[in-house]
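Take a look at the structure below.
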Amino acid sequence: MRIVHVADPKALHSILIKDSEHYPKKVEPSTEMQVLIGPGLLTTEGHQNRKQRKLLNPVFSVAHLRNMTHIFYGITHRLQKAIETRVGKDGDVIDVNGWMARTTLEMLGQAGLGYSFDNFIDASTDAYGDSLKLFFPIMSRIPLLSMAVPKLSYIFPDWLIHKLLHLVPHRDFKRMMDISDTMARRSLEIINEKKSALLKGDDALVQQVGEGKDIMSLLLKANMIASEGEKHTDEELVAQMSTFILGGMDTTSNALSRILHLLAEKPGVQERLRAEIVEARGGTDIAYDDLVKLPYLEAVCRETMRLYPPVQFVIRAAAKDMSLPLFKPIQALNSSLMSEVAVPKDTMIVLHSWGCNTNKAVWGDDAYEWKPERWLGSLPKVLEARIPGVYSNLMTFSGGGRACIGFKFSQLEMKVVLSVLLSAFRFETSERPITWNASAVIYPTTGGVSTQPEMFLKLSKIA
Numbered sequence: 104m105r106i107v108h109v110a111d112p113k114a115l116h117s118i119l120i121k122d123s124e125h126y127p128k129k130v131e132p133s134t135e136m137q138v139l140i141g142p143g144l145l146t147t148e149g150h151q152n153r154k155q156r157k158l159l160n161p162v163f164s165v166a167h168l169r170n171m172t173h174i175f176y177g178i179t180h181r182l183q184k185a186i187e188t189r190v191g192k193d194g195d196v197i198d199v200n201g202w203m204a205r206t207t208l209e210m211l212g213q214a215g216l217g218y219s220f221d222n223f224i225d226a227s228t229d230a231y232g233d234s235l236k237l238f239f240p241i242m243s244r245i246p247l248l249s250m251a252v253p254k255l256s257y258i259f260p261d262w263l264i265h266k267l268l269h270l271v272p273h274r275d276f277k278r279m280m281d282i283s284d285t286m287a288r289r290s291l292e293i294i295n296e297k298k299s300a301l302l303k304g305d306d307a308l309v310q311q312v313g314e315g316k317d318i319m320s321l322l323l324k325a326n327m328i329a330s331e332g333e334k335h336t337d338e339e340l341v342a343q344m345s346t347f348i349l350g351g352m353d354t355t356s357n358a359l360s361r362i363l364h365l366l367a368e369k370p371g372v373q374e375r376l377r378a379e380i381v382e383a384r385g386g387t388d389i390a391y392d393d394l395v396k397l398p399y400l401e402a403v404c405r406e407t408m409r410l411y412p413p414v415q416f417v418i419r420a421a422a423k424d425m426s427l428p429l430f431k432p433i434q435a436l437n438s439s440l441m442s443e444v445a446v447p448k449d450t451m452i453v454l455h456s457w458g459c460n461t462n463k464a465v466w467g468d469d470a471y472e473w474k475p476e477r478w479l480g481s482l483p484k485v486l487e488a489r490i491p492g493v494y495s496n497l498m499t500f501s502g503g504g505r506a507c508i509g510f511k512f513s514q515l516e517m518k519v520v521l522s523v524l525l526s527a528f529r530f531e532t533s534e535r536p537i538t539w540n541a542s543a544v545i546y547p548t549t550g551g552v553s554t555q556p557e558m559f560l561k562l563s564k565i566a
């Protein structure tokens, strides 16, 4: 198979925006992700994907995000109390990544699904959340899955491939299929509860977690009044919920873990950020409009998302012979300069978020350094490059019609958590080494490569 790796901003613009219809996510009938989680935003193509986005876009509006802010704060204050009981007066080392995963799952649960997964009191975590945390680490151990399913999809429908995968006598395959089944079963249970509440009217919805303003309630309401051609099927609703939780939990929890890891390593940055937050808080929670405008908090989040995107690449395929224009000419093997690259039909195209985010021609010679301060001034070369990313001239959340629909939701989660935790705790590195592992979603472990996500830092209460 011919593969082209792309980080050039002009080529990315062609793939994601200008000629996006010629660069689908797949040329095969199906993929391993579609078999595992169903026909959601992450896996559908063409009209079906546009139909789904049309119904979902209003649900992720700023107006709805404002309604979720108090939910996020309520959850984060419960997290704060849970951590306080564990670190005591003298501080202690805890698994920060585990707590970030529990927190983002609960935020996605309450604000996304109108469902609570965690009371933050019990030491035991939710089985659904534990399954989701292992999804990408286990998938990274079975590359045969991504190679076999597209080929099988030419012969068998998704439901039959799903059954066949259950028969594979391999431990990681069995764990992967158990996770897939758990996601589908739990998603269907929650959707059926929502449908039942909807039929009872708005009063019943208001009594639920999320107060009827959660994403799934809003989606089901919109689905009820949509035309037949625009409605989500039950299969799509289940897939959408699994996609939302899977796509939002690991990425955000690991991004938060990365920020806290960096702040522990750079106490000067941590103190500067804490000072900005404490001043803005004034002893209470920061309102949505003020929180999203805090300059140094924004700089820390942007710089972390630039240098350490949780998802480092996405895949596309050329549906026909194409040519990719380049922002900067490259030298061919015969030493001539090329301003475009030919891409034959069926070529796999790997779009590198990290590569674009660290392009020295765009970001400067210090592109590989973590410097939040770069965002406090102007970035003329970045603007000139016209990077097609949906967020801050970065490719972290992709771009075009297939960009991450929940990136503002994720950013709000991160800022709420940071504003509360940095006001209450000081973060320091511990003696336990932290390794960041390559996977579909980058995740931390203790010591060497492992499929068990965890990250230990020392936390101490601020007097």
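Per the working numbering: the sequence shown = residues 104 to 566. Beta carbons: idealized from backbone N, C-alpha and C, even for Gly.
To the nearest angstrom, report how far apart residue i and residue j are at their CA atoms.
| i | j | result |
| --- | --- | --- |
| Lys369 | Lys564 | 18 Å |
| Gly71 | Val109 | The chain is shown only over 104 to 566; residue 71 falls outside these bounds and no answer can be derived. |
| Ser123 | Gly149 | 10 Å |
| Glu472 | Tyr391 | 30 Å |
| Tyr218 | Lys423 | 44 Å |
| Thr549 | Ile174 | 32 Å |
| Pro483 | Ser495 | 13 Å |
| Asp353 | Val544 | 7 Å |
| Glu401 | Lys303 | 42 Å |
| Lys157 | Ile508 | 11 Å |
| Ser526 | Thr336 | 45 Å |
| Pro260 | Lys297 | 29 Å |
| Pro536 | Leu560 | 10 Å |
| Leu182 | Phe223 | 6 Å |
| Leu211 | Gly351 | 7 Å |
| Glu443 | Ala230 | 49 Å |
| Ser513 | Leu301 | 27 Å |
| Lys184 | Glu557 | 20 Å |
| Lys431 | Val107 | 17 Å |
| Gln137 | Ile264 | 11 Å |
Per DSSP, what kind of secondary structure is residue i in: helix, strand or coil?
| i | result |
| --- | --- |
| Asn160 | helix |
| Arg529 | strand |
| Met104 | coil |
| Ala541 | coil |
| Lys316 | coil |
| Leu427 | strand |
| Asp225 | coil |
| Gln137 | helix |
| Thr499 | strand |
| Met327 | helix |
| His455 | strand |
| Phe559 | strand |
| Pro547 | strand |
| Ala445 | strand |
| Val130 | coil |
| Gln415 | coil |
| Asp393 | helix |
Starting from the C-beta of residue i, find all residues in its chain whose C-beta is less than 6 Å away, skip the five residues before and the five after it, and write them out in chain order.
| i | result |
| --- | --- |
| Ser356 | Met203, Ala204 and Thr207 |
| Lys463 | Ala470 |
| Glu209 | Ile178, Phe220 and Asp221 |
| Val196 | Ser533, Phe559 and Lys561 |
Leaving out five residues before and five after residue i in sequence, what residues of the same chain have Cβ atoms less than 7 Å from its Cβ?
| i | result |
| --- | --- |
| Glu379 | Leu397, Tyr399 and Leu400 |
| Phe500 | Gly492, Val493, Tyr494, Ala506, Cys507 and Phe510 |
| Leu363 | Val199, Phe530 and Leu560 |
| Arg169 | Tyr391 |
On the premise that residue j lies in contact with residue i, defined as a C-beta separation below 8 Å, what is that separation, rounded to the nearest angstrom?
| i | j | result |
| --- | --- | --- |
| Leu291 | Val341 | 5 Å |
| Leu486 | Asn460 | Not confirmed; about 15 Å, so no contact. |
| Lys318 | Phe347 | Reading off the sequence, residue 318 comes out as Ile, not Lys. The pair is a contact, with the Cβ atoms about 7 Å apart (cut-off 8 Å). |
| Leu159 | Leu322 | 7 Å |
| Trp457 | Pro412 | 6 Å |
| His180 | Val403 | In fact, because the Cβ distance is near 21 Å, the residues do not count as touching under 8 Å. |
| Pro112 | Ile490 | 5 Å |
| Glu135 | Ser249 | 5 Å |
In chain order, what residues of the same chain lie with their CB nearer than 8 Å to the CB of residue i, ignoring the 5 residues before and after it?
| i | result |
| --- | --- |
| Tyr257 | Glu131 and Pro132 |
| Ile294 | Met319, Leu323, Asp337, Leu340, Val341 and Met344 |
Any heavy atom of the ligand ATP within a distance shorter than 8 Å of the CB on residue i?
| i | result |
| --- | --- |
| Ile118 | Ligands in the displayed structure: none, and consequently the ligand ATP is not present. |
Indicate whether the contact test is met: 3 or more Cβ pairs, each with one atom in the segment 453-473 and one in the segment 409-421, closer than 8 Å. A contact between stretches requires three or more CB pairs, one per stretch, nearer than 8 Å, and the segment 453-473 meets this requirement with the segment 409-421.
contact_flag[the segment 401-408, the segment 357-367] where n(CB pairs < 8 Å) is 3 or more: A contact exists between the segment 401-408 and the segment 357-367.
For the 8 Å Cβ check, are there 3 or more pairs between the segment 271-282 and the segment 235-250? A contact exists between the segment 271-282 and the segment 235-250.
Pairs of beta-carbons, one from the segment 319-326 and one from the segment 122-137, closer than 8 Å: are there three or more? Not touching, per the Cβ criterion.
The segment 251-271 / the segment 128-136 touching (three or more Cβ pairs under 8 Å): Verdict: yes, contact present.
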